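Please read the structure below before turning to the comments.
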Amino acid sequence: MSENRSSILQGTLDLMVLKTLEQMGPLHGYAIACRLEQIGERALVVNQGTVYLCLVRLVQKRWVTTKWGTSDNNRRAKYYTITRAGLAQLKAEMENWERIAGVIGRVLQPSESH
Amino acid sequence: MRASFFRLLARVRGFLRPDDLDRDFDAELDAHLEAAEEARVRQGMSREAARREARVELGGLTQLREEGRGARGLPWLSGAWLDVKLGVRLLAKYPGLTLVSTVALAIGIAIVAGFYAGTNFFVNPSLPVPDEDELVAIWNHDITAADRGTQTVGDMLALRDGLSSVDDAGAFALYQRVVAVADGPTRLVRTAQISPSLFRIVRVPPHLGRALVEADERPGGPDVAVIGFELWQTDFGGDPGVLGRTIRLGGVPHAVVGVMPEGFAFPLREQLWTPLQPASGSLRPGEGTNVEFVAGRLAPGATLETAEAELRLLGERMEAEHPLTHARLRPRIATYARSFLQANEPELPVLMTAARVSIGIILLVVAVNVGTLVYARNASRVGEVVVRSALGASRRRIVLQMFAEALVLGSLSAAMALAFMFWPITTLGDLLDGASGQAGGTGGVPYWFEVGIGLDTIVLIAGLVVGSAVLTGILPALKLTSRRMGQGLSRLQDQSAGLRFGKTATAVVVVQVALSVALLTVAGAQIWTLVQSFVEMEASDIASEEYLVADLRWDLTPGGDARVDLRPDDLQRRARTWRALGQRLSEEAAVRGVTFASGGAARPFALEGVSTADRETMPWSYLSPIEPNFFETFGRPILAGRAFGPVDPGGRAARVAIVNEEFLRRTGSRGVALGGHVRQVDPRTGRPVGEPLEIVGVVGDFLGLDITHQGPGWRAYPTIYVPLGDAAGVVRISIHAAGDPSSVVGLMRGVAAELDPTLVVHQPATRAERDEAGLFFVRLYGYAVGFVMFAVLLLSTAGTYSMMSFTVSQRTREIGIRTALGARPRQVVTDVFARAIRQLGVGTLLGLGLGALASNVFASSPAFAQGPTLPLGIAATLLALGLLACGRPVRRALAVQPTEALRET
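Top to bottom, those sequences are chains A and B. Mind the numbering: the first sequence is residues 186 to 299 in the working numbering, read in order. Mind the numbering: the second sequence is residues 26 to 930 in the working numbering, read in order.
Right, dumping it as structure tokens:
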């Protein structure tokens, strides 16, 4: 049970983090977490720590690179940048997501028409 | 795919350098918390509240770190490493139990692996040549004698022509020959006369020059020789220009045409090869010189079974066509590597089965003991397991951890087992090599029989360790963590010491004691008998140290048997030589006397006037040809009649005989006396052969070493002595030395070489040394039984001790309560010991019965043959040790404060 939920979440989170990095350019972990919260309009309850676990995975897969730098308010922060492999993965996953979303939408449509 | 690979790479890196990544991760989380706090403070929150909220939003920090570590490294492997560390720590916590369990397991492993390493070389032999399983050997089995039969060059030719499933058939004969390089010193070398085709089938190219080729096989071909690498090194100093140089075999120069590579000693253990030249190509089966084996390579597509079927047909044809020589011979085939044992030791498989059964019984006892230890140990760990479960350890985690612990213990045992095995196995290897190096003539151990602790043995030990870890780690862990056991902490509080298996514990104690007593009684009886025979032997003085004995051999005298018929003038020339040797030696101050004899064989004899119809009761005796001064040299008095004189003809012309006392004892009831006659009898037909011999004297007995299943001892053998004459092909020289017999050896060799360069003094040794060599395996057997006894005693003591100590500890609370309620300590102690005595007593009685039964069935010395002292002593020892084991826990239990015992309820 819990495994299913987390695996769906995990895949989705990866996709969202990659998308954020693609859109916003290099970001540190806190900024990514804030951005996800902002977009999700608090409907998406994500423990911020989970973002870091997700980032560890993305770095290991070489879809994202890291570099320690200085943040806007002059603090040390670790910046994440999406790589070319990451962009390719993002494209593939987005297509996949759209296809699945479309299928699920079609499946759900008839029952909602009542 | 690529991403997964990168991830694995990153995880391995993370596993190897966890600290760097931990620091990095922590720094990042700190930076996150600071930024989040800062942002909230800017929105007007108090710093305290901002910090709290930032933490809540990030989630549990410890868990996050843990998960981060898991995601970065190889958590499974780190867990396993942790288990191993924990295992080591737990083993160190109970040093006594660990030591005993390690030794116990080590003994078990040493027995199995040692037996494997000590027998596998002949159970699964493998010849170090390409495609060795296609190499076959064919020999003749004599169905009457149930033994090897003769095989000749003519047989080989018939097989070469008639057998389509075996290619390149050839034969070889083995000889020890007197070899010299140029005019250098002579020495004996193991050589083979061999068909050149056999060099083709072994597919081992020569190191230098060429192997033997078909042209060398032609009758009257050139005298050529191929030498072995080792001979090349020792006798030619590894000279690269050795090809074409001369080596003398029995005085005849041969040209060296090739050197075989290092380690090559085909067919058995040879270092010099000359072509086997059939006298003619048209020899029929049974004709030509004798050979050791016919060998060949299976034809493409043929199997051992098809070859066997074809050989059977061919054998039948040979039997029909050559009934004179082949009526009783049946050709047999085996893979080459196995052939020597199959042909010469046909009873070996039976012996091996017996050995395996004995090993199995011993292992059973060891296993029961190890099992007891593990049982007692795990029973005391219920508390630990329950607590760990309560703290959140999963079942899998606990099982894996106990497995790791058992693996750690098993590895220690494996190391110890290797140490146990090392000496016996390497010594056995050296012994076999040494024995083969010195072995008379052509016997010995094949060169591909390599005894040692090889990779296969190591793999076996590793398997045993894993297997034992499954049995002693996983199975008990599964039981301990089973639902019935895992009913939480309440159980723990309920019982102070864990598993409640009263009946099982009793059964374990009884079985354990019974098996130990049984095995110790059986083994003890063996040892006792052996020790007694050795003591008796020491007590009887037969002055065997003063006599030096050696065989005198001439070049091309194979093995000492009479396969080569010598012409009478050859025999006379030899007799002149050895008599001259005796004469020269007896003039030396270091020599008191010299005499000669020839090999005595046990033969049936017919007595004058006694019917020979009943073959079962036919008297048998050794026939021993001797020189007239034999009895005088050995200081044996002639009790009646006379000694032999120079006028008594010897050999086949012998007409007189002297018998010993033992002969008279054996035949006395039949009225044999001085002046009577004895005749040799053909054992197959029961008919007398040869001329009757008149008994002219009676002599005192010689005691010879006799090894029976009762152990070694001195024994007199019935013997008929006849005059030696000139006819013996091989004679044995006996020298009565005035001082140290070994000082005579050099002297004898020098004189022998001077008299005849083809004469070899073979294996000079004192009689005591010869006896010692014969006793070697008896001693080895004694040591092995002793080792097993020691192991079983150690194990059963430890097992009984831990089991008794465990069952008494189980009753700590009960004893405490009883004391609290006013029971007197004496009463409690009596009660505990009464129960212990019942358990141990039943076990001991069962063991004695089992031991008596087993020793009557399997062993040669019945357990009670020496009286009841030994078995009863063993039983009493085990009983006492078991009771001793109760002492400490009882004292401990009595020391428990009654209030404490009550509180535990």
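Note that CB positions come from ideal geometry on N, CA and C, so glycine has one too. As the structure is a prediction and not an experimental result, all values here were calculated from the model.
Return the Cβ separation of Ala918 (chain B) and Arg836 (chain B) in integer angstroms, given the expectation that the two are a contact with Cβ distance under 8 angstroms. 7 angstroms
With 8 angstroms as the limit, tell me which residues of the region 244 to 264 of chain A have their beta carbon closer than that to any beta carbon of chain B; keep them in chain order. Val244, Gln245, Lys246, Arg247, Trp248, Ser256, Asn258, Arg260, Arg261, Ala262 and Lys263
C-beta atoms of Val756 (chain B) and Leu577 (chain B) nearer than 8 angstroms: yes
Any 3 or more C-beta pairs closer than 8 angstroms across the region 237 to 254 of chain A and the region 265 to 284 of chain A: yes
By DSSP's criteria, Trp101 (chain B) is part of a beta bridge. Which residues make up the other side? Answer is none; Trp101 (chain B) lacks a bridge partner.
Asn232 (chain A) at chain B interface by Cβ criterion, 8 angstroms: yes
Is the distance from the Cβ of Ile552 (chain B) to the Cβ of Val281 (chain B) below 8 angstroms? no
Which residues does DSSP pair with Thr144 (chain B) in a beta bridge? DSSP, once it has assigned bridges, lists no residue as partnering Thr144 (chain B).
Is there at least one Cβ from chain B nearer than 8 angstroms to Asn281 (chain A)'s Cβ? no
Among all the DSSP beta bridges, which residues are the ones paired with Ser759 (chain B)? B:Val574 and B:Thr620
Which residues in the same chain as Phe445 (chain B) place their Cβ atom closer than 6 angstroms to its Cβ, once the five residues preceding and following it in sequence are excluded? Ala135
For Asp193 (chain B), three-class secondary structure by DSSP: strand
At which residues does the beta strand (DSSP E) containing His351 (chain B) begin and terminate? Premise fails: His351 (chain B) lies in the alpha helix (DSSP H), Pro348 to His351, not in any beta strand (DSSP E).
Among residues of its own chain, excluding the 5 on either side of Ala275 (chain B), which ones have a beta-carbon nearer than 7 angstroms to its beta-carbon? Sequence check: residue 275 (chain B) is Gly here, not Ala. Cβ neighbours of Gly275 (chain B) beyond the five flanking positions: Arg202, Val203, Asp580, Leu581 and Thr783.
Take Arg32 (chain B) as the anchor and find which of B:Ala60, B:Arg97 and B:Phe50 has the nearest alpha-carbon. B:Arg97
Could you spell out the range, first to last residue, of the alpha helix (DSSP H) harbouring Lys246 (chain A)? Note, Lys246 (chain A): premise wrong, no alpha helix (DSSP H); not H, not E.
Buried or exposed (CB count within 10 angstroms, at least 16 for buried), Ala240 (chain B): exposed
Proximal residues to Arg691 (chain B) (C-beta, below 7 angstroms), its chain only, five neighbours per side dropped: Pro644 and Pro743
Assign Gln218 (chain B) to buried or exposed, taking buried as 16 or more other Cβ atoms, counted over all protein chains shown, within 10 Å of its Cβ. buried
Quick check: what's the CA-CA separation for Asn149 (chain B) versus Leu366 (chain B)? 11 angstroms
Is it buried or exposed for Ser541 (chain B), if we count other Cβ within 10 angstroms and need 16 for buried? buried
Starting from Pro748 (chain B), trace the beta strand (DSSP E) in both directions and tell me its first and last residue. Thr744 to Pro748
Pairwise C-alpha distance: Thr832 (chain B) and Gly39 (chain B): 49 angstroms
How do the region 866 to 874 of chain B and the region 528 to 542 of chain B stand: do at least 3 beta-carbon pairs fall below 8 angstroms, yes or no? yes
Could you pull the start and end residues of the beta strand (DSSP E) that Trp645 (chain B) belongs to? Trp645 to Ile651
Where the alpha helix (DSSP H) through Arg228 (chain B) begins and ends: Premise fails: Arg228 (chain B) is in no alpha helix (DSSP H) and is neither H nor E.
Between which residues of its own chain and Ile433 (chain B) is the CB-CB distance below 8 angstroms, once the five residues before and five after are set aside? Correcting the residue identity first, residue 433 (chain B) is Val in this sequence and not Ile. Val109, Gly112, Val113 and Leu116.
Starting from Thr602 (chain B), trace the alpha helix (DSSP H) in both directions and tell me its first and last residue. Pro593 to Ser611
Does the region 295 to 315 of chain B come into contact with the region 163 to 182 of chain B, if we say contact requires no fewer than three beta-carbon pairs (one atom in each stretch) closer than 8 angstroms? yes
Give the interface partners of Gly225 (chain A) over in chain B, defined as CB-CB distance under 9 angstroms, in chain order. Near Gly225 (chain A) there are no residues of chain B at all, since even the closest Cβ is about 13 angstroms away, more than 9 angstroms.
Contact with chain B by Leu301 (chain A), beta-carbon distance below 8 angstroms: Shown here, chain A extends from 186 to 299; a query on residue 301 (chain A) therefore has no answer.
What distance in whole Å lies between the Cβ atoms of Phe197 (chain B) and Ser220 (chain B), which are believed to be in contact at a cut-off of 8 angstroms? 7 angstroms
In the region 222 to 243 of chain B, which residues sit with their C-beta less than 9 angstroms from some C-beta in chain A, listed in chain order? none
Cutoff 8 angstroms: Ala532 (chain B) Cβ touching any chain A Cβ: no
Would you say Leu89 (chain B) faces chain A, with C-beta separation under 8 angstroms as the test? yes
Can you give me the C-alpha to C-alpha distance between Leu545 (chain B) and Gly143 (chain B), rounded to a whole angstrom? 24 angstroms
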